Amino acid sequence: MERSNPPAGGEKIILTGMRPTGVLHIGHYFGVIPELLKLQNEADRLFLMIADLHALTTLEDSKNLAENSLILANTYLAAGIDPSKTTIFIQSHVGEHAELANIFSMITPVSMLELNPTYKEMRTEHPKNNNLGLLVYPVLQAADILIYKATHVPVGKDQAPHIELAREIARRFNARFGKVFPEPKTILQKESKILSLHDPKRKMSKSHKEESFISLLDSPEAIRKKMKIAVTDSGKEIKYDEKKKPAISNLLTVYSLFLGKEIKEIEKMYKNSGYRDFKNDLAEVIITGLTPLQKKYKELENNPEQVKSILKQGALNAKQTASKTIETVCRKVGFLA
Ligand code: TRP
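Quick note on my numbering: the sequence shown kicks off at 858 and runs consecutively.
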């Protein structure tokens, strides 16, 4: 197993997770994935969790749970997550998370959870979806992190308040029962620079129209079609200008990410061309760029048993650490041994 030296000041234990909500898009591919591939070589331990329990808190995300969990696992593995370096597992397979969350709920004031921005947002956007799971969502997330005594948690900006809550819960536990948990640090993930193909004012997102994003598993035909109908700007020039040419700038960003060339170079390549040729070429660049990942994905998709056994092994490895933490916690809170 190849690993760089641990940083001064102790081990770097990283945990991160994502809810399984189906296929990822190219924004994830250039955002979250490269960071994980870097961390899997740098960290002393990387726990990569598929948060299926968390997905149960919202109705839309709780559909096709098993299938979506497998899709996410296949995607991570196809993108280069290496199970010999990274502990990749399904949250519900490690029951200790729920056990620790339950104990944490005893030291977490309800008022603190009611102030959580994500909860407040959910309450206004989906007033009918008011389950207890939604309120205690961050308590389970704190358990996900602290059960491995993770020191660092890579997440997007929207998740930062949840990590702050995890730190608060760690402090409260330590203060009341004796020091068990580190206070995990947030590693803020870079935001994806890729915008919607339909409306370049918004980020590319799976929750928008189908033709507004390119999924990692889109067929060549689908990619060609989406490029054809991708919006452009007035004028003819292929030039990066976020203000005057947001759509073309976005396509230039995608082109540059897939080709690994500077935007300036791509502008030069298209000095005398129109939008049509540019978009046609871009479609082919994306298709070629996604081919290796799609090939690996197909292989994994045809071998679900192999992937499931990787996930089972991941859960076993995770449990080794998780069960030790639970043992300590039960002793500290004073349960009869
Ligand atoms: N709440 C996270 C999200 O929606 C997913 C998640 C669950 C997570 N548990 C975690 C992220 C623990 C980091 C650490 O993206």
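From the three backbone atoms N, C-alpha and C, an ideal C-beta is built for every residue, glycine too.
Because the structure is a prediction, the values reported are computed rather than measured.
CA nearest to the CA of residue i, picked from the options
i, options, result
"residue 1180", "962, 952, 1161, 1008", "952"
"residue 1080", "1031, 1148, 868, 938", "1148"
"residue 1126", "1096, 1154, 1022", "1096"
"residue 911", "939, 997, 927, 1188", "997"
"residue 871", "877, 878, 894", "894"
"residue 929", "950, 914, 920, 907", "907"
"residue 1000", "963, 938, 1044, 1090", "963"
"residue 1183", "1136, 1143, 990, 1004", "1004"
"residue 1121", "1133, 927, 1106", "1106"
"residue 1037", "932, 1006, 1071, 1022", "1006"
"residue 1002", "987, 878, 961", "961"
"residue 874", "1028, 1044, 990, 921", "1044"
"residue 1155", "1076, 943, 891", "1076"
"residue 914", "981, 990, 921, 968", "990"
"residue 1143", "1176, 942, 1108", "1108"
Distance cut-off 7 angstroms: residue i Cβ against heavy atoms of the ligand TRP
i, result
"residue 873", "yes"
"residue 906", "yes"
"residue 1167", "no"
"residue 1190", "no"
"residue 938", "no"
"residue 876", "yes"
"residue 1134", "no"
"residue 1010", "yes"
"residue 1170", "no"
"residue 1055", "no"
"residue 947", "no"
Per-residue burial, residue i [other beta carbons within 10 Å of its own, 16 or more giving buried]
i, result
"residue 948", "buried"
"residue 1131", "exposed"
"residue 1009", "buried"
"residue 1016", "buried"
"residue 1032", "exposed"
"residue 1164", "buried"
"residue 881", "buried"
"residue 1024", "buried"
"residue 1069", "buried"
Endpoints, alpha helix (DSSP H) assigned at residue i
i, result
"residue 1135", "1132 to 1158"
"residue 885", "883 to 887"
"residue 932", "922 to 935"
"residue 998", "994 to 1003"
"residue 975", "974 to 982"
"residue 1082", "1077 to 1086"
"residue 964", "From DSSP, residue 964 is part of no alpha helix (DSSP H); its letter is neither H nor E."
"residue 1124", "1120 to 1126"
Three-state secondary structure (DSSP) of residue i
i, result
"residue 1188", "helix"
"residue 1055", "coil"
"residue 905", "strand"
"residue 915", "coil"
"residue 1072", "strand"
"residue 1038", "coil"
"residue 878", "coil"
"residue 1110", "helix"
"residue 1178", "helix"
"residue 939", "coil"
"residue 1063", "coil"
"residue 861", "Here the model assigns residue 861 a pLDDT of 44, short of 50, so the residue's position is not dependable, and the following value carries that caveat. Here residue 861 sits in coil by DSSP."
Terminal residues of the beta strand (DSSP E) in which residue i lies
i, result
"residue 874", "870 to 875"
"residue 1011", "1009 to 1012"
"residue 947", "943 to 947"
beta-carbon residue i near the ligand COA non-hydrogen atom, thresh 7 angstroms
i, result
"residue 1163", "Looking for the ligand COA in the displayed structure turns up nothing; the ligands present are the ligand TRP."
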